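Undergrad: Going from the sequence shown to the working numbering is simple: count from 1 and add 365.
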Amino acid sequence: MADDREELRRLIVDLCVERREVTLASGRKSDFYLDLRRLLMRPRGVRLAGEQVLAALASRGPSVDAVGGMAVGAVPLVAAVLAAAARHDPAPRLVGFFVRKEAKRHGLGGRIEGAFAPGQSVALVEDTTTTGGSTLDALDAVTEAGGKVARVLCLVDRGEGAREAFAARGLALEPLFTRADLGL
366 MADDREELRR LIVDLCVERR EVTLASGRKS DFYLDLRRLL MRPRGVRLAG
416 EQVLAALASR GPSVDAVGGM AVGAVPLVAA VLAAAARHDP APRLVGFFVR
466 KEAKRHGLGG RIEGAFAPGQ SVALVEDTTT TGGSTLDALD AVTEAGGKVA
516 RVLCLVDRGE GAREAFAARG LALEPLFTRA DLGL
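#1: Would you call M435 buried or exposed, if buried means 16 or more other Cβ atoms sit within 10 Å of its Cβ?
#2: Does DSSP classify L413 as helix, strand or coil?
#3: Count the other CB atoms within 10 Å of the CB of A532; is the residue buried (16 or more) or exposed (fewer)?
#4: Check R516 in the structure and name its three-state DSSP category.
#5: Pull up the distance between the alpha-carbon of V460 and that of V429, whole angstroms please.
#6: In chain order, what residues of the same chain have a beta carbon less than 8 Å from the beta carbon of R374, not counting five sequence neighbours either side?
#7: Can you grab the Cα-Cα spacing for the pair A420 / E509, in whole Å?
#8: Cα separation between R384 and C519?
#9: Give the C-beta separation of L399 and T496 to the nearest angstrom, bearing in mind that I take them to be a contact with Cβ-Cβ under 8 Å.
#10: How many angstroms separate the CA atom of T388 from the CA atom of R409?
#11: Using beta-carbon positions only, say whether A488 and R516 come within less than 8 Å of one another.
#12: Thinking C-alpha only, which one of R523, T500 and L380 is nearest L536?
#13: Below 8 Å CB to CB, which residues in the same chain sit around L405 once its five sequence neighbours on both sides are set aside?
#14: What span of residues does the alpha helix (DSSP H) with P540 cover, start to end?
#15: Using the beta-carbon count (16 or more within 10 Å), is G512 buried or exposed?
#16: Exposed or buried, which one is E529 when buried takes at least 16 other CB atoms within 10 Å?
#17: Give me, in chain order, the residues of the same chain whose beta-carbon lies closer than 7 Å to that of G524; leave out the 5 immediate sequence neighbours on both sides.
#18: By the 10 Å Cβ neighbour count, where 16 or more other Cβ atoms means buried, how is E467 classified, buried or exposed?
#19: Ordered along the chain, which non-local residues of its own chain (more than five positions away) have a Cβ less than 6 Å from that of D379?
Quick look at the structure:
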């Protein structure tokens, strides 16, 4: 497992770090960009990410009924965690969902899609956190729909305010890696 964690870290550094001036979703400027889609759209990367998040969910903190996050960024990570759960248990109880930025104007008109139900204990996942804004939006949507957010995990925390934002809401951000872990 330690070897898999190191391989995942190395893949993130090798595939996902782009050193140039960018404007992040938070509106902040940065001299590097982390594009974890480059990891999550590769077979080995998505498998390792799912396994490591599942291991983190299993090894510490409260257990959860569902894993979800904000579309589009969290969707491949949610799917990866569910696939990892299925590899370890032929009948896993963990289910998944995603949160839309806004409610659909057709169909059932919902903001939350997938196997979400009111009363579930939920872990929110994200590929990268900066300020935590996207995941805080998902947290609000899940809470409003009757879910109980118990955990917040991310692959990489940029260390630019997300941890504090979640702490203010009574939650600990659980990053697999920090900016420092990646040498940034």
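Beta carbons are placed, not taken as given, at the ideal position from N, Cα and C, and that holds for glycine.
Please read these numbers as outputs of a predicted model, since none were measured by experiment.
TA: According to the data block:
#1: buried
#2: helix
#3: exposed
#4: strand
#5: 9 Å
#6: F542, D546 and L547
#7: 28 Å
#8: 21 Å
#9: With 8 Å as the limit, L399 and T496 do not qualify as a contact, their Cβ atoms being about 14 Å apart.
#10: 29 Å
#11: yes
#12: T500
#13: V411, A414, P441, L442, A445 and D492
#14: Careful: P540 lies outside any alpha helix (DSSP H), inside the beta strand (DSSP E) at L538 to T543.
#15: buried
#16: exposed
#17: T543 and R544
#18: exposed
#19: none
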